[in-house]
Every structure is written in structure tokens, then in C-alpha cells.
Amino acid sequence: MRNPINKSGTSLEKRLEVYLIENKIQYKKHKSGKHEIDFIIQQPDAPWYVECTNQNSSGSVYEKLPQKQRKYHRLYGFKKVYNVIGKYKIPNEVIITMDEDAKTHGYEYTLDTFDEFVSRLDGSYNYSPLGI
Numbered sequence: 071m072r073n074p075i076n077k078s079g080t081s082l083e084k085r086l087e088v089y090l091i092e093n094k095i096q097y098k099k100h101k102s103g104k105h106e107i108d109f110i111i112q113q114p115d116a117p118w119y120v121e122c123t124n125q126n127s128s129g130s131v132y133e134k135l136p137q138k139q140r141k142y143h144r145l146y147g148f149k150k151v152y153n154v155i156g157k158y159k160i161p162n163e164v165i166i167t168m169d170e171d172a173k174t175h176g177y178e179y180t181l182d183t184f185d186e187f188v189s190r191l192d193g194s195y196n197y198s199p200l201g202i
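For the sequence shown, the numbering used here assigns the number 71 to the initial residue and increments by one for each residue that follows.
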């Protein structure tokens, strides 16, 4: 895997997988080479569908998020998808498209850094629009 963007996305997947194993959280991971969502994490109420997309510099990786969400929604029929992302800011146009698509097709999505997502898993997540 020579593309540094693919490498950073894979490292985010590995980081999440290590966390899941260390915390004894049941999950299913996509098979290499398959076009599937990265993780399906078992939770008490319903499985969590999780896609890791890491972009730490400029590029078009995040522009593919709306299409990936729609494809996975058709494939899995989820009510919510969790996107674990890198630190690079997602362009506003991409977020507008994601919002429109989620509303049209009846699902919710999150955009979380690794630490934010882990706090959701452990129950300590506390969203504040003011960042407080």
C-alpha cells in the first residue's frame, strides 16, 4: 500500500481494532479487498456501523464520504452510521451533501475523531456545540 492516504486510513482502522480488542468489544471487520463498511460493532441496543476515513492533508478522500454512506446504507439498511475521521477539516460542501442525503434516505451520521468515537463507545461522550 504505497499511497500515503490509504496508509493513514488503514492506520486509523488498526488503531480502532486494537481498542476494540483491548476492551473486549465484539465486532466484525470487513474482509480485505471487499467493498464493505470497516466495522460492525456489537452494542446492547443495535449494531454500530463504523467507517474509518482518515485524511490529514488536502485531497479528495472526504469528498467520497457521501457516496460511501449511501452505498453502505443500501447494503446494510442502518439507521445510523459512525464516521471516524482524521484531523483535516471536511469541506462544507461535503457536509451539506451528507446532510441532504441522510435526510432524504432516512438515516443519521456522525463525524468523530478517534477520541470522540472512543468516548461514545465508553459512554463518556458529551457533545457541546461550543466546545466546552
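Cβ atoms here follow ideal geometry from the backbone N, Cα and C, with glycine treated the same way.
Rounded straight-line distance, which links the Cα of residue j to that of residue i
i, j, result
"H175", "V164", "16 angstroms"
"K99", "K149", "19 angstroms"
"E186", "Y195", "7 angstroms"
"A172", "E178", "6 angstroms"
"I95", "K101", "18 angstroms"
"L191", "T183", "13 angstroms"
"E133", "D115", "31 angstroms"
"K84", "Q125", "15 angstroms"
"Y197", "Y152", "15 angstroms"
"L181", "K104", "23 angstroms"
"P136", "T123", "12 angstroms"
"P161", "D169", "13 angstroms"
Host alpha helix (DSSP H) of residue i (start-end)
i, result
"D115", "Here D115 belongs to no alpha helix (DSSP H), and DSSP marks it neither H nor E."
"E186", "184 to 192"
Integer Cβ distance of residue i from residue j, believed to fall under 8 angstroms
i, j, result
"D121", "D108", "The sequence shown places Glu at residue 121, not Asp. Yes, E121 and D108 are in contact; Cβ-Cβ is about 5 angstroms, under 8 angstroms."
"L82", "V131", "The pair is not a contact, with the Cβ atoms about 11 angstroms apart (cut-off 8 angstroms)."
"Y97", "I110", "7 angstroms"
DSSP bridge partner residues for residue i (one or two, in chain order)
i, result
"K150", "E178"
Residue range of the unbroken beta strand (DSSP E) whose run includes residue i
i, result
"Y97", "97 to 99"
Residue i: CB within 7 angstroms of a non-hydrogen atom of the ligand FMN
i, result
"I166", "Among the components of this structure there are no ligands whatsoever, and the ligand FMN is therefore not found."
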